[in-house]
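To convert, note that position 107 of the sequence shown is 219 in the working numbering; the numbers rise steadily by one, no gaps. Note that CB positions come from ideal geometry on N, CA and C, so glycine has one too. Keep in mind the model is a prediction, meaning the values are calculated, not measured. So the structure is just underneath, and the comments pick up after that.
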Amino acid sequence: MYFIATSPSVCSYVRSYLPHKYYEGEKYCNVSQKNGELVIQKDQEIKPRKGDVFVMHRITSRAHMELALKWQLLGATFIYDNDDTYLGVSKDSPFVDAVEHIEKSTYNHMAVMGADYVTETTNYLATEYANMREDKKAYVIPNMVDVDLYVPNFSKKEKKTRVLLTGSVLFAEQLHGFDKVLQYLLNNEHIQVVFFGETQIEKYEKLKQEKKISDDIWKSITATKKYIETGKIEVHETVNVQHYPEKLCELNCDISLVPREDNHFNRAKSNIKYLECSCAGMITIGQGFD
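Written out as structure tokens, the structure is:
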């Protein structure tokens, strides 16, 4: 069994490295850790043969699509794995480049259609991919969390309730509909709001100069920036994969909030933040869509 990632991302760690770590059969993974950072091995070292199975996560380039087809023609079973949709991505996201997005969507579509099987993280995403395939072979493989790496800190010394927002929740297109709640939390003397991760403020400022984001989004960004500069929001920068569980526990937060704009992209998201924050001893309050 080959577990193949196409980039050294956190998603590759969750969808390739961890399954490989706990798979009990003969196995290979092109993802490793070096000084806490993820490293991708060279493609030449991967040589699936007839009868082998390879799980390739998130194909977004022609080179990896060609490799997958090559191994498939050699007789290996191709399982395509993805934990996201490329449909309905917010135009206000700092990561969306129109040309790049179209290219990635194209290879994602080719992989979904050409693989022997497709695996994904949620039933919602499985329905999307199954509808693209004539044989409907799309199966949910939930995300994993390495629970042994999380040691919750229950020795609470601070009187305030610590409320965490982390990950892509910090992006302005998620927070702009959460403004009133955030303001209420910040004005409550018994609550400390904690941001853990990248707020992407600099990227949003560039998008504003290029007139690529809405006035509502920009209003949220300027308000959030002010809260951070005045110290009302406690900010912790993102850390590498190796130190993430320790850092999440070290924050000693009580509640994790996961506000999400109701759209197709967010409905396809998994429960990974709930799993991680639960392992760190937090109660998670997530966005309900139905």
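Residue range 291-299 is occupied by the alpha helix (DSSP H) that includes V293. In the DSSP assignment, L277 is bridged to F307. Contact check for Y219 against V230 fails: the beta carbons are separated by 8 Å or more. A residue is called buried once 16 or more other Cβ atoms fall within 10 Å of its Cβ, and H376, having fewer, is exposed. From the listed residues I367, D402, R379, the smallest Cα separation to Y386 is found for I367.
For N352, no beta strand (DSSP E) segment is defined, and its DSSP state is neither H nor E. In this structure E388 does not touch V252 by the C-beta definition: roughly 19 Å separates them, more than the 8 Å allowed. A straight line joining the alpha-carbon of Y114 with that of L369 spans about 36 Å. Using a C-beta cut-off of 8 Å, the stretch 272-283 makes contact with the stretch 296-310, since at least three inter-stretch Cβ pairs fall below that distance. Annotation for V351: K359 place their beta carbon closer than 6 Å to its own, counting only its chain and skipping 5 residues before and after.
A contact is defined here as three or more CB-CB pairs under 8 Å, and the stretch 121-130 meets this definition with respect to the stretch 165-183. For the pair E349 and G163, the Cα-to-Cα distance works out to about 45 Å.
The DSSP assignment places 367-370, 395-398 as complete runs of the beta strand (DSSP E) inside the stretch 352-399, in order along the chain (cut-off: 3 residues). According to the DSSP assignment, M168 belongs to no alpha helix (DSSP H) but to the beta strand (DSSP E) extending over 165-169.
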